[in-house]
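Everything below concerns the one structure shown next.
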Amino acid sequence: MLKEFFSRSKKRNSSKVHRNGNGGRPLSQEGNHIRHPYFTGLLAKTNVVIWSYDFVTGRMACSSGIEQLTGYRASDFERGKRIWQDLVFEEDRPGYEEKRKRANRGENIHHQYRIADASGTVRWVEEFISPKMDENQRVVRLDGFVAEVADPSVPGDPADLFSFHDPATGLGNRKMLEAKIASRLQDSPKRMFAVLLFQFDKLKSIAEVLGVKNEQKLLKILLDRLQDMKIPYDHLYRLDSTVFGLFLPNIRDEEEPKKTAQRMIAKLEAPVPLEDYEFLFPVKIGISRYPNDGSAGEELINRAEIALNHAEDYGEERIKFYFPAMDIEARHVFQTEADLKKAIRQNELTLLFQPKVNAKNNAIVGAEALVRWNHPERGLIPADQFIRIAEKSELIDEIGDWVLKQTCKILADWTKRKLPAVPISINISPKRFLKGDYPGLVRNVIRRWGIDPGLLEIEITETSLMENKTVVTDAIQQIRQLGIKFSLDDFGTGFSSINYLTQFRTIDTLKIDKSFIAKIDEDPQMSAIVKSFIMLAKGLGMNVIAEGVETAGQLKFLTDNDCPVVQGFIYSKPLFLSDFEVLLREGEIRPKIGSATDIMENDRRGYFRVNFPSRKKGWLTVKAVRGKSVNAGKAPIDIKNIGGGGLCFLSDLDLPAGNQMLLAFGFELKDDPFVLNGHIIWKKKLRKGFEYGAEFIIDENERARLIKDLNQVLVSQRHLLFDPFA
538 MLKEFFSRSK KRNSSKVHRN GNGGRPLSQE GNHIRHPYFT GLLAKTNVVI WSYDFVTGRM
598 ACSSGIEQLT GYRASDFERG KRIWQDLVFE EDRPGYEEKR KRANRGENIH HQYRIADASG
658 TVRWVEEFIS PKMDENQRVV RLDGFVAEVA DPSVPGDPAD LFSFHDPATG LGNRKMLEAK
718 IASRLQDSPK RMFAVLLFQF DKLKSIAEVL GVKNEQKLLK ILLDRLQDMK IPYDHLYRLD
778 STVFGLFLPN IRDEEEPKKT AQRMIAKLEA PVPLEDYEFL FPVKIGISRY PNDGSAGEEL
838 INRAEIALNH AEDYGEERIK FYFPAMDIEA RHVFQTEADL KKAIRQNELT LLFQPKVNAK
898 NNAIVGAEAL VRWNHPERGL IPADQFIRIA EKSELIDEIG DWVLKQTCKI LADWTKRKLP
958 AVPISINISP KRFLKGDYPG LVRNVIRRWG IDPGLLEIEI TETSLMENKT VVTDAIQQIR
1018 QLGIKFSLDD FGTGFSSINY LTQFRTIDTL KIDKSFIAKI DEDPQMSAIV KSFIMLAKGL
1078 GMNVIAEGVE TAGQLKFLTD NDCPVVQGFI YSKPLFLSDF EVLLREGEIR PKIGSATDIM
1138 ENDRRGYFRV NFPSRKKGWL TVKAVRGKSV NAGKAPIDIK NIGGGGLCFL SDLDLPAGNQ
1198 MLLAFGFELK DDPFVLNGHI IWKKKLRKGF EYGAEFIIDE NERARLIKDL NQVLVSQRHL
1258 LFDPFA
């Protein structure tokens, strides 16, 4: 691929040819630099080399990836100052020259050989050469591709030029990252290093809306920003369509990867302008470290992936280090996702309906359709135990589309049976709006069942509205033209609520999140915030509804402040279809004043419990799943209280409630260690993490020892509560 090498054959191949052998299309050049997307795009910054030699003009050009591969400037090769053949390992040179002669005769060539770069490091490379012929079957140009290979014993497929590289970006792929780690372990087995995986979760959805070319433009902008951090392109990898890797070959301490991750987020989180759009790319990062988290490339990458799956799209939780207890949730997520795929195929999903009520006359004015999983072994599983897992896969779209179709089918049935139908709201994942086919799907489903569009309402979260607002707003406007209304769910929990709300006149109803409603009758500041939300919605001509209403005090506050439409347990829990249809016929429902407190009191049992206001440290591990023993790591937990029957604890792990998972809980009381088996019997999603209630599975001797120690703690605390778990 060097100019002087080819000059030996130029005379023999010379003819009066004025085209480049590429179908007559001219090959644009500036000096010796070919103006080609591969040369000017991301490939120009990787150790993937594309080269071309024109026998007619005598010009040779190559991508500047040659600098990454060899350490020498591309211009030195193009001007003949440096000879590629001189880099070829001496023992490989005879075979190399023979293949080049065959290429000059018009043969397609695929071979591997070794080169020595500027530092003296020997690298295996794989090269593909494609001759271009004129009408007289003379070779007028050679086009080639050179890439570093990790395992020369495994020959590449000439049809797959990028066996170790991503074809869209030229970055190394997962196989190349594994090989890089293996090489690093062989060269310096005692030095610490780290693997960072980072994800642009919205990239795939945007590609479906704007096309692959614009996806590549966006991706180039994002990856170019990392260059300001002096991150070499040959340390970057693309593992799949949205997940990228960064290899940090030398770290001084275990916290250095976190500092790098924080700098990356700062660079990547700024809006990306493209044409008439402005995109936000929330970035989350998972980190594994050697030697703490593994001793092989595949193991370290897998554990960085587990950490990535635990990272959140926003806030401090965007960066997660791997720790062994994450394997506990990973097992649960893997099994749940497999079961959920089967559940969708076998029609195990069902809808429950929670009424929306006008508190002034107790009339049912609507309902929210809530998806549940009717599991054949575990019974009815609430959405918070599987929706988050579905959202991390493509299953969330299937579930959302099923909810849309099933709701319209039910509305059509009510109309046919002359039931007094009310508007039903459904929840749609933010990702679904970024797919261009959703407005068309809604239109087709409405026509299929022949329902009044005014009976369907779509709830979207505040976050989904703030991200990629142009694309989402366009989709909303198309759907609203059908006569369907939109409500903004969980209002107040996003990051730019009031600033952005005035821009979205496509929203019909504002739904105040239950986290605000829970405190309005006890916290003056919270009640003032809720009042402002109500006034804001009214001022913008929006309807307003409060969710999560449970007490008479909350209900009175809302009706007194011009928010009479409510949803919550004070009127009804979510109901099966047949039970909700009974309420529809009646047309109204009375509030259950005091019932929430009564339910709580009835759950309290005979054992006392001891509260730990500052939280007691403990741990848990999984012993068995569905009767099969499991060897998992320990996860730290914060214990709120312990009783003779069980404990209440906080954790970042998302674990299932029910008896399918046997856990062991570890803690100390008065320097006395306990390791007790148990099941999770309830869970509650918090702003950060989860709260769980667990029931112990222990014999009476162990329970007596536990109660004895709890009594001693209780004497010192002088704080008595009843335990709800016995």
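Residue numbers (our numbering): 538 to 1263. Using N, Cα and C, we set each Cβ at its ideal position, and we do this for glycine too. Owing to the predicted nature of the structure, the values given are computational and were not obtained by experimental measurement.
- Within the model, the alpha-carbon separation for ASP1208 versus LEU1247 is close to 12 Å.
- Taking a C-beta distance under 8 Å as the contact criterion, LEU1120 and LEU889 do not qualify as a contact pair.
- If you draw a straight line from the Cα of ILE1082 to the Cα of ASN1098, it is about 12 Å long.
- The beta carbons of ALA844 and SER832 sit no closer together than 8 Å.
- If you compare the alpha carbons of TRP939, GLY595, PHE781 with that of GLY707, the shortest gap goes to PHE781.
- Counting along the chain, the unbroken alpha helix (DSSP H) around ASP1116 starts and ends at 1114-1123.
- If you check the CB distance, GLN753 and LYS893 do not come in under 8 Å.
- Taking PHE860 as reference, the option from PRO1193, LEU837, HIS647, THR873 with the minimal CA-CA separation is LEU837.
- Looking at the backbone, the Cα of MET766 and that of GLY1090 are separated by about 55 Å.
- Taken atom to atom, the span from the alpha-carbon of LYS946 to that of ALA906 is near 13 Å.
- Linking GLU815 to MET801 through their CA atoms gives a straight-line distance of about 20 Å.
- Beyond the five residues adjoining it in sequence on each side, ILE1235 comes within less than 6 Å, by CB distance, of LEU1213 in the same chain, given in chain order.
- Beyond the five residues adjoining it in sequence on each side, THR1043 comes within less than 8 Å, by CB distance, of THR1010, ILE1013, GLN1014, ARG1017, PHE1023 in the same chain, given in chain order.
- The Cβ-Cβ distance between ASN846 and LYS929 falls below 8 Å.
- A residue is called buried once 16 or more other Cβ atoms fall within 10 Å of its Cβ, and VAL1252, having fewer, is exposed.
- Cβ-Cβ distances below 6 Å link GLY937 to ILE965, SER966, ARG969 in the same chain, with the five nearest sequence neighbours on each side left out; the list follows chain order.
- Scanning its chain for C-beta atoms nearer than 6 Å, with the 5 sequence neighbours on each side dropped, one finds around GLY1195 the residues ARG915, in chain order.
- Taken atom to atom, the span from the alpha-carbon of ARG616 to that of SER600 is near 14 Å.
- In this chain, the beta strand (DSSP E) harbouring LEU733 covers 730-737.
- Taking a cut-off of 8 Å on C-beta distances, the region 725-732 touches the region 774-794, as three or more cross pairs fall below it.
- When C-beta atoms of the region 756-775 are compared with those of the region 707-721, three or more pairs fall below 8 Å, so the two segments count as touching.
- Secondary structure within the region 824-912: the alpha helix (DSSP H) runs of 4 or more consecutive residues, fully enclosed, are 834-847, 863-882 (chain order).
- Assigned with DSSP and collapsed to three states, LEU1077 falls in coil, not helix or strand.
- Non-local C-beta neighbours of MET670 in its own chain, meaning closer than 8 Å and more than five positions away in sequence, comprise GLY558, GLY643, VAL676, VAL677, ordered along the chain.
- In the structure shown, GLY1183 falls within a strand segment according to DSSP collapsed to helix, strand and coil.
- Under the 10 Å beta carbon count, SER962 is surrounded by 16 or more other beta carbons and is classified as buried.
- Of the candidates GLN674, THR658, GLY608, GLU866, GLU866 places its Cα closest to the Cα of GLY1226.
- Under DSSP, LEU776 shares a beta bridge with no residue.
- Bridge pairing for ASP771: absent [DSSP].
- Residues LYS1171, ALA1172, PRO1173, ILE1174, GLY1203 of the same chain have their beta carbon placed closer than 7 Å to that of TRP1156, with the five preceding and five following residues left out of the count.
- Within the same chain, Cβ atoms closer than 6 Å to the Cβ of VAL585 are found at GLY602, ALA684, HIS702, GLY707, the five residues on either side in sequence being excluded.
- In the three-state scheme derived from DSSP, where H, G and I count as helix and E and B as strand, ASN1098 is classed as coil.
- In the DSSP assignment, THR594 falls outside any beta strand (DSSP E) and carries neither an H nor an E.
- Distance from the Cα of PHE1149 is smallest, within the candidate group VAL940, LYS955, LYS1048, GLY1180, for GLY1180.
- Nearest Cα to PHE737 within the set ASN645, ASN911, LEU1025, ALA848: ALA848.
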